[in-house]
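The sequence shown begins at 1 in the UniProt record's numbering and counts up by one.
Ideal Cβ placement from N, Cα and C applies to all residues, glycine included.
One structure is given below, encoded as structure tokens.
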Amino acid sequence: MYLNQITLIGNVTRDAEIYTTNSGKEVVKFGVAVSRGKDLPTDFFEVTCWERAWAANIAKKGVLILVQGEMRSSKSEDGKVYWSVNANKILLMNSREKKDAEKKKGSSKPRNKDSEYPLYNPDGELENLQ
Numbered sequence: 001m002y003l004n005q006i007t008l009i010g011n012v013t014r015d016a017e018i019y020t021t022n023s024g025k026e027v028v029k030f031g032v033a034v035s036r037g038k039d040l041p042t043d044f045f046e047v048t049c050w051e052r053a054w055a056a057n058i059a060k061k062g063v064l065i066l067v068q069g070e071m072r073s074s075k076s077e078d079g080k081v082y083w084s085v086n087a088n089k090i091l092l093m094n095s096r097e098k099k100d101a102e103k104k105k106g107s108s109k110p111r112n113k114d115s116e117y118p119l120y121n122p123d124g125e126l127e128n129l130q
């Protein structure tokens, strides 16, 4: 059995961009910076969300976000290897941005007032963590 999964918590480095492939699939891309701690280098990741245009509404520069997905690598012409994350779950960690995203999403589901963060699932539904 093999497992390729990574979970990151970091700040979005730039507003998400939405692209459409030649086959009509929507792709959302944004960057995430993950600090290792004081006086240590910060790691930067490129995040890709396939068929999840809603992700562009929450991936705004400076927002604290949790991203879960698969690691992907690609090699440039000069031989450098670049790593990215193919996201399948995104969790918004900032409470102010959470409220704004809920308004944009227009979720009519009842909210659990004890829940602090909404969970954005791959199908685009907004759920509250218990």
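So Gly-31 is in the beta strand (DSSP E); what residue range does that whole segment cover? The residue you call residue 31 lines up with position 31 of the sequence shown. 26–35 is the span of the beta strand (DSSP E), which, as asked, contains Gly-31.
TODO: With distances taken Cα to Cα, identify the nearest neighbour of Ala-16 among Trp-83, Val-47 and Leu-91.
DONE: Taking the first residue of the sequence shown as 1, we reach residue 16 at position 16. When only C-alpha atoms are compared, the closest one is Val-47.
Looking at Ile-9: is its Cβ nearer than 8 Å to the Cβ of Leu-66?
Residue 9 sits at position 9 when you count from the first residue of the sequence shown. Residue 66 sits at position 66 when you count from the first residue of the sequence shown. Cβ distance < 8 Å, so Ile-9 and Leu-66 count as in contact.
Hey, how far is the Cα of Lys-113 from the Cα of Glu-51? Mapped onto the sequence shown, residue 113 falls at position 113. Mapped onto the sequence shown, residue 51 falls at position 51. In this prediction, Lys-113 has a pLDDT of 41, which is less than 50 and means its spatial position is unreliable; what the coordinates show is noted afterwards. Answer to the nearest angstrom: the Cα atoms are 30 Å apart.
Excluding the five sequence neighbours on either side, which residues of its own chain have a C-beta within less than 7 Å of the C-beta of Leu-40, listed in chain order?
-> Counted from its first residue, the sequence shown places residue 40 at position 40. Around Leu-40: no qualifying Cβ.
*Can you name the start and end residues of the beta strand (DSSP E) that Val-63 belongs to?*
As a working mapping, residue 63 is identified with position 63 in the sequence shown. Per DSSP, Val-63 belongs to no beta strand (DSSP E) and is neither H nor E.
If the criterion is Cβ atoms closer than 8 Å, does the pair Phe-44 and Ala-33 meet it? The residue you call residue 44 lines up with position 44 of the sequence shown. The residue you call residue 33 lines up with position 33 of the sequence shown. Cβ atoms of Phe-44 and Ala-33: closer than 8 Å.
Inset, instruction - Pull up the distance between the alpha-carbon of Ala-53 and that of Ser-35, whole angstroms please. - result: Translated into positions along the sequence shown, residue 53 becomes position 53. Translated into positions along the sequence shown, residue 35 becomes position 35. So the two alpha carbons sit approximately 27 Å from each other.
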